[in-house]
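Student: In terms of the UniProt record's numbering, the sequence shown has 74 at position 74, counting the first letter as 1, and numbering is strictly consecutive.
Yeah, the Cβ is synthetic: ideal placement off N, Cα and C, and Gly gets one too.
Bear in mind the structure is a predicted one, so any value in this text is a computation, not a measurement.
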Amino acid sequence: MDSFLPFNQVMPRPTHEGLLHLPGVSLFVRRFGTAGPPVILIHGGPDWDQSYFFPFLAPLAHSCRLIAFDLRGCGRSHKFGDPQHYHIDLVVEDLAQLLASLHLERATLLGFSYGGRVALRFLDRYPSKVSKLILASSTAYDHFADELEQWDEYQSRYPQALREQVSALWGASSPSPEQRTRQLAELTLPLNIYHLELLPLVRQVIDQIDFSGEWMQAWQAGRLRGVQHSDYAQRFAALGTPLLILHGEKDMGFPVAVAKRLAEQVPGALLTILPQTGHVAHIEATEAWNTAILQFLFKDE
């Protein structure tokens with residue numbers, strides 16, 4: 001995989017790697033670095049794990065205290081096997097416990113995709129614990145489908161036949177939820193990566209993920225429906241937490257319009273749009289992605 005990388009960086013060895021036992025849940029945690037600002041990485045999916053960020057976060061891991069964890073039910077974290085244990089608010093409490101266990105009063109949150117929604121929810125509940133917020137390939141809004149559907153390139157990459165395959169997997173009872181989650185990830189790769197010549201690299205990344213089906217089962221059970229994520233912009237503006245919005249210009253998961261909208265609504269927000277880059281911008285524009293984050297982190301130092 002390293003041969004694909006556009007920079008000469010390798011991940012440092014973790015200073016800690018293993019299960020962290022918290023009240024009610026055990027989370028798989030990796031920690032890198034002993035100096036610099038603490039940064040908590042919150043992965044997306046949510047049935048994915050943290051592995052698809054490595055080695056692409058090497059510059060960040062060399063410059064700060066990077067803490068990555070698998071969400072409950074994901075990767076190597078504890079799997080409950082019960083939809084009642086899966087909800088965004090439970091992840092927020094897991095994150096609060098993680099900070100407390102590491103004796104961190106405050107940290108920067110780096111929320112990617114669904115992880116950005118978790119970060120926003122955490123900020124809403126625990127604003128004093130967030131020093132800075134980075135929303136990467138994410139959204140503060142619930143409604144954006146129209147903006148995608150009006151995009152010709154999105155339509156060409158997401159034809160009706162593919163939509164029917166995706167819908168069938170979400171509604172199926174077999175194969176296993178883990179297999180269906182992996183199949184969904186593989187089917188929708190052209191929506192996650194803009195430069196299709198990078199598909200071999202992204203497939204290597206996908207292959208190393210320990211996919212779960214816990215959150216898919218919770219969704220099928222109706223556990224995740226009705227969760228509202230809107231109105232964060234007004235709340236964010238009132239809090240004044242430093243915000244970096246980092247988004248690919250060609251993101252087909254969350255259109256770039258949602259990033260621009262949030263930047264307009266939050267005074268002082270820093271918007272960085274990576275040109276000709278899709279949803280997995282950390283893979284397509286690794287150096288620019290890390291540089292934007294590092295400049296934001298050390299802006300006031």
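(1) Taking only runs that begin and end inside the region 97-140, name each unbroken beta strand (DSSP E) of 3 or more residues, in chain order.
(2) Taking just the CA atoms, how far does HIS16 sit from LEU5?
(3) Would you kindly work out how many angstroms separate the C-alpha atoms of LEU297 and GLU287, rounded to a whole number?
(4) Does the distance from the C-beta atom of ILE67 to that of VAL29 stay below 8 Å?
(5) The ligand HEM and GLU284: does any heavy atom of the ligand fall closer than 7 Å to the residue's C-beta?
(6) For residue 353, which residues of its own chain have a beta-carbon under 8 Å away from its beta-carbon, when the five flanking residues on both sides are left out?
(7) Measure the CB-CB distance between GLN276 and TYR194 and report whether it falls below 8 Å.
(8) Work out the CA separation of SER51 and HIS43 for me, nearest whole Å.
(9) Suppose only complete runs of 4+ residues qualify. What are the alpha helix (DSSP H) ranges in the region 26-84, listed by chain order?
(10) Let me make sure I understand the geometry here. Which of ALA259, PHE112 and LEU198 has the alpha-carbon closest to that of PHE144?
(11) Note down the Cα distance separating ALA97 from LEU22, rounded to an integer number of angstroms.
(12) Relative to the C-alpha of VAL266, which residue among LYS250, GLN234 and PRO255 is closest?
(13) So what does DSSP say about THR241, is it helix, strand or coil?
Tutor: On the basis of the data shown:
(1) 107-112 and 130-136
(2) Low local confidence applies: a pLDDT of 49 at LEU5 is under 50, so the model's placement there is unreliable, with the coordinate-based value given in what follows. Those two C-alpha atoms are separated by around 25 Å.
(3) 15 Å
(4) yes
(5) For the structure depicted, the ligand HEM is absent and the ligand set is empty, with no information on it obtainable.
(6) Not covered by the structure: residue 353. The range shown for the chain is 1 to 301.
(7) yes
(8) 9 Å
(9) 58-61
(10) ALA259
(11) Residue 97 is actually Gln in this sequence, not Ala. Their Cα atoms are separated by approximately 7 Å.
(12) GLN234
(13) coil
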